[in-house]
Every structure is written in structure tokens, then in C-alpha cells.
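This report refers to the structure that appears directly beneath it.
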Amino acid sequence: ARMTHLVEALGFFAPDLSIVTIPAWDCLPYDRVSPNATIVARRMDGLAQLTHAKIGAGHIVVTTVAAALQRLPPPSVIAVASFTVKVGQGVNLPALQGFLERNGYRRTGTVREPGEYALRGGIIDIFPAGHEEPSRLDLFGDNLERIRLFDPLSQRSGDARQSLHLLPASELFLDDKSIQKFREGYRSLFGAVLKEDPLYEAVSAGQRYPGVEHWLPLFYGGELATLIDYLPQTTISIDYQGEDALAARLDLIQEHYTARRTIWEGKVSESIAYKPLLPAMLYPEPSEVEAWWRRHPL
């Protein structure tokens, strides 16, 4: 809520500023559920802006403590993860559908929320990450004849567009390479998978398991970035009581990790054991956060 109010104030007092927002996941550390698709879409749109734009004077990035204390896909991955279609040009439908599946889009009968797509003959509905409205692609054979925005509630078509630029709707990518990295990393950390493990089985089959984002580092071979890595030259401003919020968040992360670790070690019974990653794999350590203050104007 504080982030939203600050963005509104900045927009009023300095309307010429370019403002990028990076919200946090709406789930707890080491949760069994995935973050909300709309929030993930906003995060990926923000990271794409940081990757493709020259962020400098006249730009402000607004985020929260929880979002800053969370490792992210490397900028090099975000930089090449996109798909563009243009009116009058051919569309490789298998390639487009493959991009959508790998990058977290969910196939549905009717598109209503960000990160969803639907295929109906020569019509493709997509709600891209970072867009306020979904788009409807009208194809004749392999040729893209029209792109129109549409209302997700009434499903009525609206304004026309000449092109559509698609970004990932998820922070993890399910392709052969990332799945292999996950499998190798999972076995390395937790040993051979001898018993029923729905998470391991789902990812091995190329499927998304609820809460799989909490094992994000394994899909990148442990090579993740932080928000500061996207902004190598920036001035940091900590909001009122921000340092207290940082300390509280780090304590919360450790508390949830300890609880999950206790269950996994068999001290508390649970039907399907949750195998947590070390906090340092998912979140910056206190020493790493302190290094931010030393490297940047504060």
C-alpha cells in the first residue's frame, strides 16, 4: 500500500519521471502456493523495463522490502525472453505456443487474467505480462491479419494494434535445459528421489507444480541475481522504518526456513515432506544487504 501511495505522489509532483515498480510475491517464504499471476506479470514487466531501457537520471524504481530481499532471474535471461508478432507478417504458431508454455502462460477456454491464453481456430487470445488489457490475434492461415484489444469481462473487441510484444508471465522457464538443471540440483541437495515426490515428478514431466517458484534457483543452476544487479549505478533511498522492516523480513525468512527444515528432518509428521532450499539461495544474506549500502549512494 505504501508503494502505491508513493508512486501516486511521484506521478503528481513529477509527472515527467519514468517510474518502474517491482512488487513482492503475495505469499510467505517457503510457502506451498505460487505467487499471484497478476503480481508476477507486473514484476516481469518491471524487470524487462530495467533490462531493455537505459535507466538513469529521470528514472525511479519503487519497490518493497520483501521484493528487494528476493533473488531474481539474471538480467541476461530477461533480455532475450520475448516474442513479437506484427500485423501482415506470418506467425509460427508452434513457436508462439511453445513460448507461452515455457514462460508461464496458462491455456484456458476464456482469457480473463494476465498470463492466460486461449486458442480457438484462427483466433488467439493472450493477456500479456505487463499489459492492462488482453489482445486478440486474428489469423488467416499463418498470416496475422488483425490485432485488437478486448475487454476480458465482456470479451468484446476494441482498439486495433499493429504489433504485440510478449514477455514471460513467470520467473522460471520450463524447457529441457532448465528442467535438467532442476533435476540435477534437486538430487544434489536432497539426495536420490526414492519415494513419492510430486514436485520432482511434475517438473520432470514439464508441468508446473503449485509453489514451484520457491525452488527458483534450481532452474538456473543456482545463478540468480538481486534487484541491485539490475541497477548497477543507482542511488538508494530507504523509506521511514525501512531498516526495521529489513531486519524483520530477514527474521521471518529464517523462521519459516527453520520450521520447514524441522518437518523435513522428521521431527514433525507431514504427509508429503517439503524440502526447503537454504535461505541464502533464495534471499540475500544480511552481509550482502550491508554491501549494497557501501557500494551505492544512500
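Just so you know, we're using the numbering used here here: the sequence shown kicks off at 611 and counts up by one. Positions of the beta carbon are idealized from the N, C-alpha and C atoms, including for glycine.
Where residue i sits in the DSSP three-state scheme
| i | result |
| --- | --- |
| D822 | First, the residue type needs correcting, since residue 822 is Val and not Asp in the sequence shown. Three-state DSSP puts V822 in a helix. |
| G768 | strand |
| D923 | Nothing about residue 923 can be reported from this structure: the residues present for the chain run from 611 to 908 only. |
| I848 | coil |
| A890 | helix |
| E726 | strand |
| E853 | helix |
| E755 | strand |
| R716 | strand |
| S644 | coil |
| H662 | helix |
| Q817 | coil |
| E618 | helix |
| Q790 | helix |
Residues that DSSP places opposite residue i in a beta bridge
| i | result |
| --- | --- |
| S773 | K696 |
| H669 | S628 |
| D735 | A728 and R746 |
| L682 | A835 |
| F783 | Answer is none; F783 lacks a bridge partner. |
| F760 | S767 |
Buried versus exposed call for residue i [16 or more other C-beta atoms within 10 Å across all chains shown]
| i | result |
| --- | --- |
| S628 | exposed |
| S686 | exposed |
| V690 | exposed |
| D761 | exposed |
| Q659 | buried |
| H824 | buried |
query: When the Cβ atoms of the segment 760 to 769 are set against those of the segment 785 to 798, are three or more pairs found closer than 8 Å?
result: Result no; under three Cβ-Cβ pairs closer than 8 Å.
- prompt: Do the segment 635 to 650 and the segment 849 to 856 make contact, defined as three or more Cβ pairs closer than 8 Å?
  reply: no
Any 3 or more C-beta pairs closer than 8 Å across the segment 838 to 850 and the segment 817 to 824: The segment 838 to 850 vs the segment 817 to 824: no contact.
query: Quick check: the segment 770 to 778 against the segment 787 to 804, are there 3 or more CB pairs under 8 Å?
result: no
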